[in-house]
Amino acid sequence: MRIHPPSPTLQRVAFVGEPAFEPHVPVQAAWAQVRFFPVTAGQWEPALDEARAWGANATLVFRPQDLTPEQAARVPGTMSVGIIPAPLFSTEEAQKLASLSGPDAKGFRWLTYLETPASPELSRLPLLQTLPLPVDTARCPSGPRLDLRRMLVPDWASPSPEALELLRKLGPVDVLSSHATPEEVTQALEKAGTLVYASRDLMGRFDPLPLLAMAHGLLVVADTVFPGDWNIEPEDEFLYRPDGQWGRSLDEVFRMPVSFRAVRIRAWQKMREAFDASACFQRVLHDAYLFADPVAHLASLAPTRPPVAVPVAVEASVPEALGAEKVQRLTRARAAVTH
Amino acid sequence: MKIGFLVGDIANISGGSNVILEYASRLQDLGHEAVLITPGPVKLTYPLWHPRLADLPRRSVAEAEGESFDFALATWWITFYDLWRVNARVYGYLNQSLESRFHAERHYKLLNRQTYSLPLLFVTEAKWLVEFIQTLQPEGRTLYVQNGLSREHFPCVQAPPKRDGKLRVLVEGPWGVGFKGVPETFEVLELAAKEGVQFETGWLASSSGGQKPTVGGQPVQVHERIPINQVHQVYGQYDVLLKLSRVEGMFGPPLEMFSQGGTAITYTVTGTDEYMVHGQNSLMVEPYNHRQIVQFLRLLSTQPAYLAHLRANALATAKAFTDWESSTRQVATGLEALHTEGWTNSHLRPALAAMSSMHGHWLDDVWRAERGGSSPLHPYVGPGEQVLLERYRQFKKSRPVRALQKLVSDDLKKSLRARLTRVLS
Numbered sequence: 001m002r003i004h005p006p007s008p009t010l011q012r013v014a015f016v017g018e019p020a021f022e023p024h025v026p027v028q029a030a031w032a033q034v035r036f037f038p039v040t041a042g043q044w045e046p047a048l049d050e051a052r053a054w055g056a057n058a059t060l061v062f063r064p065q066d067l068t069p070e071q072a073a074r075v076p077g078t079m080s081v082g083i084i085p086a087p088l089f090s091t092e093e094a095q096k097l098a099s100l101s102g103p104d105a106k107g108f109r110w111l112t113y114l115e116t117p118a119s120p121e122l123s124r125l126p127l128l129q130t131l132p133l134p135v136d137t138a139r140c141p142s143g144p145r146l147d148l149r150r151m152l153v154p155d156w157a158s159p160s161p162e163a164l165e166l167l168r169k170l171g172p173v174d175v176l177s178s179h180a181t182p183e184e185v186t187q188a189l190e191k192a193g194t195l196v197y198a199s200r201d202l203m204g205r206f207d208p209l210p211l212l213a214m215a216h217g218l219l220v221v222a223d224t225v226f227p228g229d230w231n232i233e234p235e236d237e238f239l240y241r242p243d244g245q246w247g248r249s250l251d252e253v254f255r256m257p258v259s260f261r262a263v264r265i266r267a268w269q270k271m272r273e274a275f276d277a278s279a280c281f282q283r284v285l286h287d288a289y290l291f292a293d294p295v296a297h298l299a300s301l302a303p304t305r306p307p308v309a310v311p312v313a314v315e316a317s318v319p320e321a322l323g324a325e326k327v328q329r330l331t332r333a334r335a336a337v338t339h
Numbered sequence: 001m002k003i004g005f006l007v008g009d010i011a012n013i014s015g016g017s018n019v020i021l022e023y024a025s026r027l028q029d030l031g032h033e034a035v036l037i038t039p040g041p042v043k044l045t046y047p048l049w050h051p052r053l054a055d056l057p058r059r060s061v062a063e064a065e066g067e068s069f070d071f072a073l074a075t076w077w078i079t080f081y082d083l084w085r086v087n088a089r090v091y092g093y094l095n096q097s098l099e100s101r102f103h104a105e106r107h108y109k110l111l112n113r114q115t116y117s118l119p120l121l122f123v124t125e126a127k128w129l130v131e132f133i134q135t136l137q138p139e140g141r142t143l144y145v146q147n148g149l150s151r152e153h154f155p156c157v158q159a160p161p162k163r164d165g166k167l168r169v170l171v172e173g174p175w176g177v178g179f180k181g182v183p184e185t186f187e188v189l190e191l192a193a194k195e196g197v198q199f200e201t202g203w204l205a206s207s208s209g210g211q212k213p214t215v216g217g218q219p220v221q222v223h224e225r226i227p228i229n230q231v232h233q234v235y236g237q238y239d240v241l242l243k244l245s246r247v248e249g250m251f252g253p254p255l256e257m258f259s260q261g262g263t264a265i266t267y268t269v270t271g272t273d274e275y276m277v278h279g280q281n282s283l284m285v286e287p288y289n290h291r292q293i294v295q296f297l298r299l300l301s302t303q304p305a306y307l308a309h310l311r312a313n314a315l316a317t318a319k320a321f322t323d324w325e326s327s328t329r330q331v332a333t334g335l336e337a338l339h340t341e342g343w344t345n346s347h348l349r350p351a352l353a354a355m356s357s358m359h360g361h362w363l364d365d366v367w368r369a370e371r372g373g374s375s376p377l378h379p380y381v382g383p384g385e386q387v388l389l390e391r392y393r394q395f396k397k398s399r400p401v402r403a404l405q406k407l408v409s410d411d412l413k414k415s416l417r418a419r420l421t422r423v424l425s
């Protein structure tokens, strides 16, 4: 998604949250300087102070419900948005958020929630938009590595031990521990070609791994689906295999890999079309200013030229291996251009 | 150059057919011989939905079999399987979308993927398709040319028309095609009306499917089966196009709306990257964020200056956009370069024929199986025979027969079975 460049006054955008959120924050952006300030051992003050000292013009905070009113008041910048990345079940937390957020509150001007709010308490919050936890695709490979065949199975979403044994007969299987650090998760994803995922819940709501896997160009094979309104298309962007016949499903993938390359490419593309952290957070901030004061937002906009691409003539055939530079040349570079 | 376009249903309105007709007719204008190759004889209905349809030579595939082409281009994915039937120096694919996404059935999706399995010449209109094709089929040749905006059918207005009164919202697309999202669009509009947003609604459709939607209790003005050279008049009556399709190639309708000084609200669907910019000429939402559309409609209905900002930039985008003449020149230049270079992939014809046979046999079997219900029985067995076979199977499973079977030795059973098979076959 291409977004109108922000006002020239928006130069530095801070992200604050636990280290686990770092893979979901843009490592760099064409539209502003961005930086992640990790909160360690529940200590918010040092991270917030560091963001303030850095000169953040706007700040996005993961899990705003964890802040005290005093801490919320110290969030730096002219715009602050709280990102709620997992379902809230506690009425107390909803009440706390209500006191920390809104146009007149000393805290967050807006909040985002991962799905359509289910309860009246949540609906009353100043929700700017729905936002599932996005993925910083710039940290992922710049093209699916279609030759990789290792299977990755998270130990918290694993098929039965019998099914796992069957999979081991088909090819190498890596089991990802639930205690893995973000770096270890990334390393495991970079080595694998397929993610095997068994769960009773919809994918992606509580666990970002399926989206991370797709952003890395893995083929996701699962016995469950993503929430319907995420528009991640079964069979075209991941394989939905509800019958628990893991051996048969993976055997098909190994025998006819060419048939499933298209699925891996589309998964990789879909993450960039709708779940890319840089684009998602740029639009969050754009809309945050727009809805807070449409007149002021309009006045702040710099004039732009029509966003029309330079026509391209013949693309030569691509002799090099799939991935990296070729793909980057075609989309990422264009996506990064502001107007 | 002689260029054959293998087409599907060319006689009826569709965005995809419009692209084919623009290229074919304008290549003809440039002095090339363009031929539409159809599955069978085509009956045109007058008035024609596209004025240039009658001017183009048409042949059925059977008629084209004896001819030689410099380029034979599949268009709709099913026509890929007919490519082998014509003799061509270059086999290609004018690819406007990943059409497997049009189908829910797995067998169609798998067959569609096979259309990328040979190193053809791919001519395509969107960067996401270039990326997809080159990653999937790096041995092919790819020609990326953006579709043009027809200055003939969508002449840009001087300035966005000034309007008073309520926001005017246009929905576009046929009712019955799931991924076009038309019923979903009316649901969003109904929600907006319930939340007090003030607007009026129209619906531009190639086919309304007999639907007469209402929004906020008010009937929607339906513009159905409008010839392409009159569509701009419909766009010109509205401020914003609300289009929630989930699959697009290069995404033409918002650009057509821009040409008439309107803006658009869409999903972040494939193709939007070609010319749409959120907050500059249009507004976009991710599908999971569709509730935001109500807020956008409220904003546009209450902030005329912001609406004017989007409309002005939308029109500027359309004015700066390439036209069909330029796009066709680029296609012609690309094809001429390949022609001069002597590049050919005519050796692929046997492979295309083999794939076509597999495709045909498999679809025939799927069809027979579907006709026979979801029975695992052989697809050539009809429903009546299936009932008989099922009864026989149950009879064999019955206790007395199983008890009898236990009394008979395996050797005797084998010998009886062999004798019976010989007698019956």
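Residue numbers (full-length UniProt numbering), protein chains in the order written: chain A, 1 to 339; chain B, 1 to 425.
The C-beta atom is built at its ideal place from N, Cα and C for all residues, glycine as well.
All values derive from a computational prediction rather than experimental measurement.
- Quick one: which chain A residues come within Cβ less than 7 Å of K109 (chain B)? E235, D236
- Item | C-beta neighbour in chain D for F80 (chain B), strict 7 Å | Absent here is chain D; the protein component of the structure consists of chains A and B.
- Contact under 7 Å by Cβ, S25 (chain B) with G249 (chain B): no
- Pick helix, strand or coil for N289 (chain B), following the three-state DSSP scheme. helix
- Length of the line joining the Cα atoms of G17 (chain A) and E190 (chain A): 25 Å
- Message: Taking the beta strand (DSSP E) that N95 (chain B) belongs to, which residues open and close that run?
- Response: 87-95
- Item | Within chain A, the residues that V277 (chain B) reaches when beta carbons sit closer than 7 Å | R2, I3, H4, P307, H339
- How long is the line joining the alpha carbons of P26 (chain A) and S278 (chain A), rounded to whole angstroms? 5 Å
- Task: Would you kindly work out how many angstroms separate the C-alpha atoms of E131 (chain B) and P134 (chain A), rounded to a whole number?
- Result: 22 Å
- Between the stretch 217-234 of chain A and chain B, which residues of the former have a C-beta closer than 8 Å to a C-beta of the latter? P227, D229, W230, N231, E233
- Message: Counting only Cβ-Cβ distances shorter than 8 Å, please list the residues of the stretch 91-106 of chain B near chain A, keeping chain order.
- Response: L98, S100, R101, R106
- Query: Can you check whether the CB of K162 (chain B) is closer than 7 Å to the CB of F199 (chain B)?
  - Reply: no
- Task: Answer with buried or exposed for H278 (chain B), where buried requires no fewer than 16 other C-beta atoms within 10 angstroms of its C-beta.
- Result: buried
- Please check if any C-beta of chain B sits within less than 7 Å of the C-beta of A299 (chain A). no
- Item | First and last residue of the uninterrupted alpha helix (DSSP H) at V401 (chain B) | 399-407
- Which chain A residues sit within Cβ distance under 8 Å of N313 (chain B)? T304, P306
- Task: For residue 426 (chain B), I'd like the list of residues in its chain whose CB is within less than 7 Å of its CB, leaving aside the five on either flank, ordered along the chain.
- Result: Since the displayed chain B opens at 1 and closes at 425, residue 426 (chain B) lies outside it and no answer follows.
- Which term fits S17 (chain B), buried or exposed, when burial requires 16 or more other beta carbons within 10 angstroms of its beta carbon? buried
- Task: Look at the alpha carbon of E252 (chain A) and the alpha carbon of R241 (chain A), and state the distance between them as a whole number of angstroms.
- Result: 12 Å
- Is the Cβ of Q198 (chain B) closer than 7 Å to any Cβ of chain A? no
- DSSP three-state call for V13 (chain A): helix, strand or coil? strand
- Message: Counting only beta-carbon separations shorter than 7 Å, does I84 (chain A) have a partner in chain B?
- Response: no
- Message: Within 7 Å of any Cβ in chain B, is that where the Cβ of A296 (chain A) sits?
- Response: no
- Message: 7 Å is my cut-off, CB to CB: does R261 (chain A) come that close to chain B?
- Response: yes
- Measure the alpha-carbon distance for L424 (chain B) versus S415 (chain B) and round it to whole angstroms. 14 Å
- Specify whether the stretch 184-204 of chain A and the stretch 148-164 of chain A touch according to this definition: at least 3 beta carbon pairs, one from each stretch, less than 8 Å apart. yes
- Message: 7 Å is my cut-off, CB to CB: does Q187 (chain A) come that close to chain B?
- Response: no
- Query: Out of curiosity, what's the CA-to-CA distance linking L83 (chain B) and R59 (chain B)?
  - Reply: 14 Å
- Item | Alpha-carbon to alpha-carbon, T224 (chain A) and Y267 (chain B) | 24 Å
- Message: Restricting to Cα atoms, I'd like to know which of B:L204, B:M257, B:T45 is closest to A159 (chain B).
- Response: B:M257
- Message: Buried or exposed, going by whether 16 or more other CB atoms sit within 10 Å of the CB of D270 (chain A)?
- Response: The displayed chain sequence assigns Lys, not Asp, to residue 270 (chain A). Buried.
- Taking all protein chains shown into account, decide if S409 (chain B) is buried (16 or more other Cβ within 10 angstroms of its Cβ) or exposed. exposed
- Query: Under the rule that 16 or more other beta-carbon atoms within 10 Å means buried, what is E33 (chain B), buried or exposed?
  - Reply: exposed
- Task: State the DSSP-derived secondary structure class of V263 (chain A), mapped to helix, strand or coil.
- Result: helix
- Note down the Cα distance separating L73 (chain B) from G334 (chain B), rounded to an integer number of angstroms. 14 Å
- Proximal residues of chain A, C-beta to C-beta of H309 (chain B) below 7 Å: L298
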